[in-house]
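Position one of the sequence shown corresponds to residue 94 (this note's numbering), numbered consecutively onward.
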Amino acid sequence: MTIITVNTPTGRLGLEQRRTLAETLTDAVLVPEVGQFAPPARVGFQVHFVERQRDMMAVGGRLLSDIGPEADAMVIDVAVMDGDWRQEVRAAAIERILAAMADACGLAKPAATWWVNFRVISEGSWGSGGGVLSVHSLLDTGVFTQEKVEAIRAALGT
94 MTIITVNTPT GRLGLEQRRT LAETLTDAVL VPEVGQFAPP ARVGFQVHFV ERQRDMMAVG
154 GRLLSDIGPE ADAMVIDVAV MDGDWRQEVR AAAIERILAA MADACGLAKP AATWWVNFRV
214 ISEGSWGSGG GVLSVHSLLD TGVFTQEKVE AIRAALGT
């Protein structure tokens, strides 16, 4: 399970940008998470787009509505199941997320006011379908590389 929540000012992202980001943000996290591009694993990902009025967001202590139409801010919150999330793996996912956002927005690089929060949810703290989920039950599905399976087992001490 991975949930990516993109918080933006109202109207910042159009329908086509959201369609693109639904896929590119999923893959931005999926590849570092499972160790390869694995489209069947996409079913375990959700991307949520949340819009806020410009007078409900602030940068530097000033409302975006007071700064002007050029003011831009985003927070992308990523929640992932426990696994192999060493610092370099998290960094790769964050960089891929920011690159996908910039590409979808037609920018050469992400804005300094776009932030990514990356959270690892402890083993046994996810629930779906009436029960508690575990990354262990996913390791033999074939979407993870063998190297990633071993790294996850080592990270979780199993």
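Heads up, the beta-carbon is just placed ideally off N, CA and C, and yes, glycines get one too. Since we're looking at a predicted model, the values are computed, not measured.
For residue j and residue i, believed in contact at Cβ under 8 Å, the rounded distance
i           : j           : result
residue 122 : residue 186 : 5 Å
residue 213 : residue 175 : 6 Å
residue 96  : residue 169 : Contact flag wrong, Cβ pair sits at about 11 Å.
residue 165 : residue 192 : About 17 Å separates the two Cβ atoms, so there is no contact after all.
residue 190 : residue 249 : Actually they are not in contact, since the Cβ atoms of residue 190 and residue 249 sit about 24 Å apart, beyond 8 Å.
residue 209 : residue 171 : 7 Å
residue 178 : residue 94  : Actually they do not touch by this definition, with Cβ atoms about 14 Å apart.
Residue i, buried or exposed, once every other Cβ within 10 Å from all chains shown has been counted against 16
i           : result
residue 241 : buried
residue 163 : exposed
residue 126 : buried
residue 183 : buried
residue 102 : buried
residue 106 : buried
residue 114 : buried
Endpoints, the beta strand (DSSP E) within which residue i is located
i           : result
residue 227 : That residue, residue 227, is in no beta strand (DSSP E); it is neither H nor E in DSSP.
residue 203 : Unbroken run through residue 203: none, as it is neither H nor E.
residue 139 : 138-145
residue 101 : 95-102
residue 273 : What is shown of the chain runs 94 to 251, which leaves residue 273 out entirely.
Sequence-distant residues of its chain with Cβ nearer than 8 Å to residue i (five each side left out)
i           : result
residue 111 : 142
residue 152 : 160, 164, 166 and 206
residue 130 : 120, 123 and 124
residue 246 : 232
residue 104 : 144
residue 201 : 195
residue 215 : 175
residue 221 : 94
Contacts around residue i, its chain only, beta-carbon distance under 7 Å, and the 5 residues preceding and following it disregarded
i           : result
residue 128 : 237, 238, 240 and 241
residue 158 : 147 and 148
residue 133 : 236
The alpha helix (DSSP H) enclosing residue i, as first and last residue numbers
i           : result
residue 244 : 239-249
residue 125 : 108-127
residue 182 : 180-197
residue 159 : 157-160
Cut-off 6 Å between Cβ atoms - residues of its own chain near residue i, not counting five sequence neighbours on either side
i           : result
residue 155 : none
(message) Does the structure place the stretch 191-199 close enough to the stretch 220-238 that three or more beta carbon pairs sit under 8 Å?
(response) no
(request) Answer yes if the stretch 148-158 comes into contact with the stretch 133-140, meaning at least three C-beta pairs across the two stretches below 8 Å, and no otherwise. (result) The answer is no - the stretch 148-158 does not touch the stretch 133-140, with fewer than three Cβ pairs under 8 Å.
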